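Just below is one structure, and these are the notes that go with it.
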Amino acid sequence: DAEITQSPRHKITETGRQVTLACHQTWNHNNMFWYRQDLGHGLRLIHYSYGVQDTNKGEVSDGYSVSRSNTEDLPLTLESAASSQTSVYFCASSRTRTDTQYFGPGTRLTVL
Amino acid sequence: AQSVTQLGSHVSVSEGALVLLRCNYSSSVPPYLFWYVQYPNQGLQLLLKYTSAATLVKGINGFEAEFKKSETSFHLTKPSAHMSDAAEYFCAVSSGDYGGSQGNLIFGKGTKLSVKP
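The listed protein sequences correspond, in order, to chains X and Y.
My numbering puts the first sequence at residues 796 to 907.
My numbering puts the second sequence at residues 555 to 671.
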């Protein structure tokens, strides 16, 4: 069955370190998204991509970057982790821009 | 700009009682509207979506929602709550076919539903 996976599921890192969170989908969806979920804020969009080599900033993109070299993967990089980036991160994908977004299981990141 | 307001961060009902979770949206273009459910330590799962067809939308697990343009609302209901419905529920809006960032979802802050035996 097609699916969307995220790794690692849990990560503890230190302030200032570079961290990369992986997202992989096997639906061959063009669109991929990264969100962070924080108590009291719901989900907020970090970056999104509408296809290979396409990336766009979302509402809370500062301190994050993404690259899209193939259809299946959209890794999220924290260039220099900060305690404010402690959160749960969700990746999602959709077939078209107006289609349902399907979410991965999430990565819980703690920055000490 | 689009926005979503979910009234009540926490709703508690008894098993068998009506579930009503409120969602109001703001959108300058015809919206697409979604309800997602999140069980503990899991990702989000689509419950139902409105895409300008029927105003009453039926979803999974007995949930439904009614799009009311005049009230800019998309409230989620279920006639009889089960213990298994305890979860967090998110309302989301997108611009659908319109706008530069087509399809990007704007989420509400979520409503945690508790079901008492």
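Beta carbons: idealized from backbone N, C-alpha and C, even for Gly.
Just so it is clear, the structure is predicted and the values come from calculations on it, not from any experiment.
Kindly list the residues whose CB is nearer than 7 Å to the CB of residue i, restricted to its own chain and excluding five residues on each side of it in sequence; keep chain order.
i        : result
X/Asn865 : Val847
X/Ser882 : Arg831, Gln832, Asp833 and Leu904
Three-state secondary structure (DSSP) at residue i?
i        : result
X/Gln820 : strand
Y/Glu625 : helix
X/Asp868 : strand
X/Gln880 : helix
Y/Gly616 : helix
Y/Ser638 : helix
Y/Thr631 : strand
X/Val855 : coil
Y/Lys670 : strand
Y/Ala646 : strand
X/Ala887 : strand
Y/Leu659 : coil
X/His842 : strand
One question on the structure: do residue i and residue j come within less than 8 Å of each other, judged by their Cβ atoms?
i        : j        : result
X/His819 : X/Thr850 : no
Y/Glu642 : Y/Gly613 : no
X/Val906 : X/Thr808 : yes
Y/Gln596 : X/Pro900 : yes
X/Phe885 : Y/Leu598 : yes
X/Leu873 : X/Ser844 : no
Y/Tyr590 : Y/Leu574 : no
Y/Glu569 : Y/Ala619 : no
Output needed for residue i: all residues of its chain with C-beta closer than 6 Å, excluding positions within five of it in sequence on either side, in chain order.
i        : result
X/Glu854 : Arg839 and Leu840
Y/Lys603 : Phe588
Y/Phe621 : Tyr604, Thr609 and Phe628
Y/Gly616 : Lys632
Please determine, among the options, the residue with the shortest C-alpha to C-alpha distance to residue i.
i        : options                                   : result
X/Ala877 : X/Thr810, X/Ser802, X/Arg804 and X/Trp829 : X/Thr810
Y/Thr669 : Y/Phe661, Y/Phe621 and Y/Ser638           : Before going on, a small fix: residue 669 of chain Y reads as Val here, not Thr. Considering only alpha carbons, the answer is Y/Ser638.
Y/Ile660 : X/Ser802, X/Thr821 and X/His836           : X/His836
X/Thr893 : X/Ser879, X/Asn825 and X/Thr902           : X/Asn825
Got a sec? Which residues, its chain only, sit under 8 Å from residue i by beta carbon, not counting five neighbours each side?
i        : result
Y/Tyr579 : Gln556, Ser557, Val558, Thr559, Pro585, Leu587, Thr626, Ser627, Phe628, Cys645 and Val647
X/Thr895 : Ser889
X/Gln813 : Thr872, Leu873, Glu874, Ser875 and Ala876
* Which residues, taken in chain order from the segment 876 to 890 of chain X, show a beta carbon closer than 7 Å to some beta carbon of chain Y? -> Flagged, chain order: Phe885 and Ser889.
* Residues of the segment 566 to 596 of chain Y with Cβ closer than 7 Å to any Cβ of chain X, in chain order -> The segment 566 to 596 of chain Y vs chain X, Cβ under 7 Å: Tyr586 and Gln596.
* Asked: Using Cβ-Cβ distances below 7 Å, what residues of the segment 827 to 838 of chain X are close to chain Y?
  -> So the close ones are Gly835, His836, Gly837 and Leu838.
* Asked: Can you list, in chain order, the residues of the segment 599 to 610 of chain Y whose Cβ is nearer than 9 Å to any Cβ on chain X?
  -> Per Cβ criterion, the list reads Gln599, Leu600, Lys603 and Thr605.
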